[in-house]
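Worksheet: the structure to be examined is printed underneath.
In my numbering, the protein residues as written are 45 to 220.
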């Protein structure tokens, strides 16, 4: 009777690029520091993409949301099937940075009209301006309690050369 030793080969994929990685990986799930940093940077950028008040391209604040009054909340709860008063929305107003004549809203700073997605062509023209706006908006989101990351400006701008570098530069500039 012979016993054959079968190798237990298992492949692992990078969480960011789906490329091959070692079992241990970089920070657990990545094939390289670059993929890890891009992943961290993209996670921060989703806070801008998911906030309808902001331009995801340059971070400009395009809408101000005024919370509803208690009386408005009671009406919302009474007329709609709103289960909780906190579910009621407020009124939103465009800021001077939003082009009020255009529908959908167009960012007056960078020209982006798909506000939940970056517009790389505009970012390449206004790269530094967009980058400064993104940093300012991420700091505001931190003050609001949306995230707890600190971003080092010097490191961010050191790695920023093209719009494609924004996630990597952010990921490398995050402290902690």
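All C-beta atoms in this analysis are idealised placements derived from N, C-alpha and C, irrespective of residue type, glycine included.
- The C-alpha of residue 154 is placed about 34 Å away from the C-alpha of residue 74.
- Secondary structure note for residue 185: its alpha helix (DSSP H) is the uninterrupted segment 171-187.
- The beta carbon of residue 59 sits closer than 7 Å to the beta carbons of 73, 74 and 83 from its chain, once the five residues preceding and following it are set aside; these are given in chain order.
- The continuous beta strand (DSSP E) containing residue 110 extends over residues 107-110.
- Taking C-beta atoms as the reference points, residue 186 and residue 192 count as a pair closer than 9 Å.
- Sorting 88, 66 and 203 by C-alpha distance to the C-alpha of residue 54 places 66 at the top.
- As computed with DSSP, residue 138 is found in a beta bridge with 107.
- Residue 61 carries a coil assignment under DSSP once its states are collapsed to helix, strand and coil.
- In the three-state reduction of the DSSP assignment, residue 56 falls in the strand class.
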